[in-house]
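In my numbering, the protein residues as written are 58 to 346.
Glycine included, C-beta positions come from ideal geometry on N, C-alpha and C.
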């Protein structure tokens, strides 16, 4: 049974949560907004409107917000005057950008989808494979995808390739690792970070389910959102050790709170844009861990 509390509701599609400066930040992907919510009183602030489908967020060392506009394949930076272009990957990325993590040096690590997921996920055989009790991945996808590293000056390059639909991205700075969720691959890929911007020594943890957003705990374990089975799973060294259930599709997660002991979950009744905008049933949920 679900065992979470609702922190916020009435959204179209909550995604990409991050704990930052005492508040939970996230995006409403369908309403094109970046939102921050205070966990003590539930007060919410629309930090900025984005001119298109909104993806991952993060902060430069000086505190300026970076946000992905997925369909434009660009990263914007929030200045006092509003959003300005930070990096333009549109000439390189044929599909859409997705989640992003910005490290303490200001490097933004952002993944691309590689292909249109909506068309692919509409296939009955794909739905059956991803909703099975155990997903035998990786599935055969139309194309592979990549992760890019974007420097603080906006210049970028390909950091790693051959992913099967990149989704959640996190950096473990203490252990100098980057972790990528591959949704259609049903796995996590883990890399060592060398010289602050080079990925080496790829390892794979097969999950048996299709991961979406991911979050890091203090001990280096990974919380992984599992939309198809409506839960978040705690993975340590490739092994599931705990699970938190939700009433809706569990899209993404973040670990934070004043004491760092709260799991925040983005949930939604549907992945369809029109339905999400009509229902406004997406939520932010919370659970002590």
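Straight-line CA distance for residue 297 to residue 281?
-> Near 10 Å, if we compare the C-alpha coordinates of residue 281 and residue 297.
Could you tell me which residues DSSP puts in a beta bridge with residue 183?
-> Here residue 183 is not bridged, per DSSP, to any residue.
Residue 102 - containing alpha helix (DSSP H), residue span | Unbroken run through residue 102 is the beta strand (DSSP E), 101-106; no alpha helix (DSSP H).
Enclosing beta strand (DSSP E) for residue 291 [first to last residue] = Per DSSP, residue 291 is one residue of the beta strand (DSSP E) stretching across 288-293.
Anticipated Cβ contact below 8 Å, residue 69 with residue 95, distance rounded | With a contact defined as Cβ atoms closer than 8 Å, residue 69 and residue 95 miss out at about 21 Å.
If we ignore side chains and look at the alpha-carbon of each, how far apart do residue 285 and residue 125 end up?
-> Here the alpha carbon of residue 285 sits roughly 25 Å from the alpha carbon of residue 125.
Quick one: residues in its chain with C-beta nearer than 7 Å to the C-beta of residue 265, no 5 flanking neighbours on either side, listed in chain order?
-> Excluding positions up to five away in sequence, the list reads 191, 192 and 243.
Burial state of residue 164, where buried means 16 or more other Cβ atoms lie within 10 Å = With 16 or more Cβ atoms within 10 Å of its Cβ, residue 164 is classed as buried.
Buried or exposed: which applies to residue 257, given that a residue is buried once 16 or more other Cβ atoms fall within 10 Å of its Cβ?
-> Exposed, by the Cβ-count rule.
Excluding sequence positions up to five away, which residues of its chain have a Cβ less than 8 Å from the Cβ of residue 116?
-> Result list for residue 116: 77, 122, 123 and 159, in chain order.
Environment of residue 97 [buried if 16+ CB atoms lie within 10 Å] | It counts as exposed.
Tell me whether residue 342 is buried or exposed, calling it buried when 16 or more other Cβ atoms sit within 10 Å of its Cβ.
-> It counts as buried.
Which residues DSSP lists as bridging residue 117, in chain order | Residue 117 is not bridged to any residue.
When 186, 305 and 254 are compared against residue 324, the one with the closest alpha-carbon = The option with the nearest alpha carbon to residue 324 is 305.
Whole-number beta carbon distance between residue 312 and residue 320, since they are thought to touch under 8 Å = A Cβ-Cβ distance of about 6 Å is found for the pair residue 320 and residue 312, placing them in contact under the 8 Å criterion.
Buried or exposed (CB count within 10 angstroms, at least 16 for buried), residue 188 = With fewer than 16 other Cβ atoms within 10 Å, it is exposed.
Tell me, which residues are paired with residue 273 by DSSP?
-> For residue 273, which the question treats as bridged, DSSP gives the partners 279.
DSSP three-state call for residue 190: helix, strand or coil?
-> Annotated three-state conformation of residue 190 is coil, per DSSP.
Hey, quick one: how far does the beta strand (DSSP E) through residue 165 stretch, first residue to last?
-> Boundaries of the beta strand (DSSP E) around residue 165: 165-169.
Using CA coordinates, which residue listed in 300, 267, 231 and 268 is at the minimum distance from residue 250?
-> Answer by Cα proximity: 231.
Could you pull out every residue in the same chain whose Cβ sits closer than 8 Å to the Cβ of residue 101, ignoring the five residues on either side in sequence?
-> Cβ neighbours of residue 101 beyond the five flanking positions: 65, 92, 93, 94 and 95.
Are residue 269 and residue 217 closer than 7 Å when you measure CB to CB?
-> Not a contact, by the Cβ cut-off of 7 Å.
Can you give the Cα-Cα distance for residue 278 and residue 79, rounded to whole angstroms?
-> Cα-Cα distance, rounded: 22 Å.
Outcome for residue 198 when other beta-carbon atoms lying within 10 angstroms are tallied against a minimum of 16 | It counts as buried.
Residue 202: which of 179, 154, 67 and 234 sits nearest, CA to CA?
-> Answer by Cα proximity: 154.
Beta-carbon gap between residue 211 and residue 148 smaller than 7 Å = No, the pair does not count as a contact, with Cβ atoms beyond the cut-off.
Roughly how many angstroms lie between the CA atoms of residue 118 and residue 337, to the nearest whole one?
-> The straight-line gap separating the alpha-carbon atoms of residue 118 and residue 337 is approximately 34 Å.
Rounded separation between residue 235 and residue 99 - CA only = Between residue 235 and residue 99, the C-alpha separation is close to 31 Å.
Taking C-alpha atoms, which residue in 314, 289 and 72 lies nearest to residue 157?
-> Checked all of 314, 289 and 72; the closest Cα to residue 157 is 72.
Under 7 Å between the Cβ atoms of residue 110 and residue 127?
-> Yes; because the gap between Cβ atoms is below 7 Å, this pair is in contact.
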